[in-house]
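Visitor: Encoded as structure tokens, here's the structure I'll be asking about.
Numbering (our numbering), first residue to last: 32 to 1045.
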């Protein structure tokens, strides 16, 4: 930096001088920035978080009648192998259940989801011909397999006829939701569609010596309705069809099996609802549920608005049906957004009030206050330019930017006011005062930008999440600096800033006393700088010694006014069993004593598995209850844990779902070559975890699902002339039913399902007494060609990373997540054999990735800030003085976290990164003025003392404006208050503690590191 002469300082060149000469030009330039922000605001979306959805594509397929192991080997594994070759795949996983599979792929952040889905379709189509012939309903969607509905709707009828209601919902109502942009799929729960059921009578089959396959073949050929061509005359063209359809029960029973036999002779046909897969209840009353799943990268608020409008229209149209939205994620988003806007307005008021307190006059207060709307509204233009949205992260950035945006204006205006107090004219003080701090303003702005921008370019999900946060702060600071160097001097040059009779003011007297006391302390520290630095080093070492005590987590628990109750019964139980036990859960939740906190209970019995119950509990709004969600959970969980025969617990979800997995507090996958080996290892590890710090350890693989196996004696079957195909068809019909073809009834597809008589099988051994016709016409008992064995199998088989896997879930209680990860990895190292690996997932995975990214951010920020300081000061020693105050300020903040019991999470860590810039900014003001004093030829210690005296007031003013600006974040309530409080507390306490090192340590370092000049 070159030395400026007095003549140079008085010259009328530069942006500030131009603004002083042409104040209307300065005003117009700033108004254009504000107008650009207003224009951009009209086109911005509202979201909960930035658009950082992890790109997921899911492949689903059904394999009727296949066991989980058959699905795993014949369907899931080939599909995984096919889609794994798609470029950009980051993770791949799968789940095999009875008769169905799910394979999901997570792509690298930033992947074009449409292109990825197309690539997956092409990969699947290449292997589709090699899949078993009975595979059906192969679908590919752009959503996560574990994605939860953003909106859930319950439909209650005045007269609950499940078959008719299911038909109306699936054919008339559900398609309407797909017209709403952004919806990936609509899940239906509790529906039981109409089917034409054909009940075969095994005794009649034996009597007439026909096989089940004969009946099925007759039924397949019966619905005969095909076009045969067209008849063209001179005047018209007629389409000709041959129609011999059977669409009633009597018509179906009249279908001929052979010349002498009809279907009605060996079976009974009737319409009935399909077998229940799940049940839905709203506050204990039967209902049908719709779950709205959104596409990745779609807007939750826009989808919610569309759903609300459609539900209102449906309630008006269908007077006999009641559509109730039981849960809606947009409620939290809108409430949290409103809370942040209120916090922002309160922050602006507090910051302006603090400026008025220091300047003592209204007109000087208005000058830096103008920087707030200019910077905040002007930054909205960057939202539109970079494709950002209005969300909780960007609004949080604007709240924090409120205190920062006035800092530069305060520094400029305070210096102008100080020079006016020395007797200079308004124009002269504005020109010289602005030029005197011009470098400091640019230096602090460059440092803050150097802090914020690196946050924005981390490649992971965390980096992309806070990209908007960093860039919004950087743009706001740049605009505020422009305002400080243009509009502020232009207005200061035409205003009397001096305070009349300042010594009579209480604030002035208190400030003068504080400054006098400060200078006494500074002179003492400058007399013994080694003692000062040594004491700070001892403090730094003490914080380092106790730092392992700080608790770490991914994100603070948030009260979203929504709880989830998850319950699981024994493997192999039926849905009616779970239906009865779900009553116990609802009795607890719907107890009148909870009416003041619980608004509704939406229960799905048999979701994903027949032995599972899921209840979505909607709490009353935040302002209408005194208990937090954690207090409510603490009250409910003991009662839920006492429900007989079920394993039930309540939990809540957070906003940041950076991991991959279920909702348990801790999740991991064990992978290996065979399920039996993984299962044995998982049992040993679960036992070790239970003996350690973990609670309620649960393994996804439980070989307790009863399975009946028919071992066919091929030699006996051949000797007796029994067709294996006929045998297989008969067993499928009698056990699970066989779906044949669809009837077209009133333009609706109604499936024909052939089954055994209702209640015919009371015990698997009853099948041994069934007869089957042989090729010679004789009746052969199944006991002659089959042998029944019973064994326990797993109801679900998982895969992770294209390997067989078993998921382990556990609760960690009050144990910090960081400690839980360390404990698990130590146990896994001790217990697991070499051929069994472990993969952390869920919050643990997100925590590790986030910590890695944050540490990378710290490194980048520190290096870039130091390099920027070196480039600006054209020196190594002045930047070193500035930079060395940072570690002590961070250490003081961490120490306060330990004392107050605060956790180190993603929000508080972002606050620590923000502190680096704020601490550096204040130190620059002091060091840069001391450098100016030295260039004027003053002695080293006197230069530092003059800098401390001259810069105490602007440092304290900017410090308090930023601290008080963070105060509403700490005191905020309502939706999303936990995240706001975490970052607000870090900034408020961190700035307060770090100010000691800025005001006392920096002068001591300056005296030691800077060379003395004669």
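Using N, Cα and C, we set each Cβ at its ideal position, and we do this for glycine too. Remember, it's a predicted structure, so these values are computed and weren't measured experimentally.
Would you identify the three-state DSSP class for residue 690, choosing helix, strand or coil?
Guide: Because residue 690 carries a pLDDT of 45, less than 50, the predicted location of this residue cannot be relied on, and no value is offered for it.
Visitor: Between the alpha carbons of residue 32 and residue 700, how many angstroms are there, rounded?
Guide: Any answer about residue 32 is weak, because its pLDDT of 39 lies below 50 and its placement is not dependable; what the coordinates show is given next. In a straight line, the C-alpha of residue 32 is about 58 Å away from that of residue 700.
Visitor: Cβ of residue 919 within 7 Å of Cβ of residue 571?
Guide: Yes, the pair counts as a contact, with Cβ atoms nearer than the cut-off.
Visitor: With distances taken from CA atoms, which of 442, 410, 921 is nearest residue 398?
Guide: Nearest of 442, 410, 921 to residue 398, Cα basis: 442.
Visitor: What span of residues does the alpha helix (DSSP H) with residue 78 cover, start to end?
Guide: No alpha helix (DSSP H) holds residue 78; DSSP gives it neither H nor E.
Visitor: Output the residue ranges of the alpha helix (DSSP H) runs that lie fully inside the segment 51–120 and measure 4 residues or longer, sorted by chain position.
Guide: Those alpha helix (DSSP H) runs which fall completely within the segment 51–120 and span 4+ residues are 54–72, 99–102, 108–114.
Visitor: Look up residue 122 in the DSSP assignment and say whether it is helix, strand or coil.
Guide: If DSSP states are grouped into helix, strand and coil, residue 122 belongs with the strands.
Visitor: Quick one: what's residue 317 bridged to in DSSP?
Guide: DSSP, once it has assigned bridges, lists 312 as partnering residue 317.
Visitor: Could you name the residues of the same chain whose beta carbon sits closer than 6 Å to that of residue 765, not counting the 5 residues immediately before and after it, in chain order?
Guide: Within the same chain, residue 765 has close Cβ partners 787.
Visitor: DSSP beta-bridge partners for residue 635?
Guide: According to DSSP, residue 635 bridges with 311, 645.
Visitor: With a threshold of 7 Å on Cβ separation, who are the neighbours of residue 477 within its own chain once the five nearest residues in sequence on each side are excluded?
Guide: Excluding sequence neighbours, residue 477 sits near 899, 903.
Visitor: Could you name each continuous beta strand (DSSP E) segment of 3 residues or more that falls completely within the segment 342–387, going from the start of the chain to the end?
Guide: Runs of the beta strand (DSSP E) inside the segment 342–387: 352–359.
Visitor: Between the segment 870–882 and the segment 447–464, can you find at least three pairs of beta-carbon atoms closer than 8 Å?
Guide: Touching, no, given that fewer than three Cβ pairs across the two stretches are closer than 8 Å.
Visitor: Could you give the uninterrupted runs of the beta strand (DSSP E) lying entirely in the segment 701–777, keeping only those of 3 residues or more?
Guide: The qualifying runs are 726–730, 736–743, 769–776.
Visitor: Round the Cβ separation of residue 406 and residue 510 to the nearest angstrom and send it over; I've been treating them as touching at under 8 Å.
Guide: Residue 406 to residue 510, Cβ: 4 Å. Contact.
Visitor: May I ask you to report which of helix, strand or coil DSSP gives residue 1059?
Guide: Residue 1059 cannot be examined here, being either before or after the span of the chain that is shown, 32 to 1045.
Visitor: Tell me which same chain residues have a C-beta within less than 6 Å of the C-beta of residue 329, skipping the five on either side of it?
Guide: These residues qualify, in order along the chain: 213.
Visitor: Going by Cα to Cα distance, which pick from 659, 634, 872 is closest to residue 648?
Guide: Out of 659, 634, 872, 634 has the C-alpha closest to the C-alpha of residue 648.
Visitor: Residue 612 lies in the alpha helix (DSSP H); which residues open and close that run?
Guide: Looking at the DSSP string, the run of the alpha helix (DSSP H) that includes residue 612 is 606–620.
Visitor: Candidates 1031, 830, 965, 989: which alpha carbon is nearest residue 99's?
Guide: Here the closest residue by C-alpha is 830.
Visitor: Hey, residue 978 and residue 916 are a contact pair by Cβ (cut 8 Å); roughly how many whole angstroms apart?
Guide: Actually they do not touch by this definition, with Cβ atoms about 14 Å apart.
Visitor: For residue 316, which option in 617, 738, 653 has the closest C-alpha, if you only look at C-alpha atoms?
Guide: Considering only alpha carbons, the answer is 617.
Visitor: Mind checking residue 690: buried by the 16 CB within 10 Å criterion, or exposed?
Guide: Note on residue 690: pLDDT 45, under 50, position unreliable in the model; the coordinate value appears next. Classification for residue 690: buried.
Visitor: Which one or two residues does DSSP pair with residue 218 in a beta bridge?
Guide: In the DSSP output, where bridge partners are listed per residue, residue 218 has 322.
Visitor: Quick one: Cα of residue 683 to Cα of residue 133, how far?
Guide: About 25 Å.
Visitor: So what does residue 448 bridge to, in DSSP terms?
Guide: Its beta-bridge partners do not exist; DSSP assigns none.
Visitor: Taking the continuous alpha helix (DSSP H) assigned at residue 842, which residues delimit it?
Guide: Here residue 842 belongs to no alpha helix (DSSP H); instead the beta strand (DSSP E) covers 834–842.
Visitor: Does the beta-carbon distance from residue 642 to residue 600 come in below 7 Å?
Guide: Cβ atoms of residue 642 and residue 600: closer than 7 Å.
Visitor: Which term fits residue 936, buried or exposed, when burial requires 16 or more other beta carbons within 10 angstroms of its beta carbon?
Guide: Buried, by the Cβ-count rule.
Visitor: Buried or exposed: residue 739, going by 16 or more other Cβ atoms within 10 Å of its Cβ?
Guide: Exposed is the call here.
Visitor: Can you name the start and end residues of the beta strand (DSSP E) that residue 819 belongs to?
Guide: Element bounds for residue 819: 817–824.
Visitor: Judging by CA-CA distance, which residue of 502, 367, 996, 823 is the nearest neighbour of residue 603?
Guide: For the residues 502, 367, 996, 823, the minimum Cα distance to residue 603 belongs to 823.
Visitor: Do the segment 744–763 and the segment 728–736 meet, that is, are 3 or more Cβ pairs less than 8 Å apart?
Guide: These segments do not touch.
Visitor: Does the Cβ of residue 611 have 16 or more other Cβ atoms within 10 Å, making it buried, or fewer, making it exposed?
Guide: It counts as exposed.
Visitor: Compute the Euclidean distance between the alpha carbons of residue 1012 and residue 710, then round it to the nearest angstrom.
Guide: Taking the straight line joining both Cα atoms gives about 43 Å.
Visitor: Suppose the cutoff is 7 Å on Cβ atoms and the five residues either side in sequence are ignored; what does the same chain contact list for residue 982 look like?
Guide: Cβ within range, chain order: 956, 957, 960.
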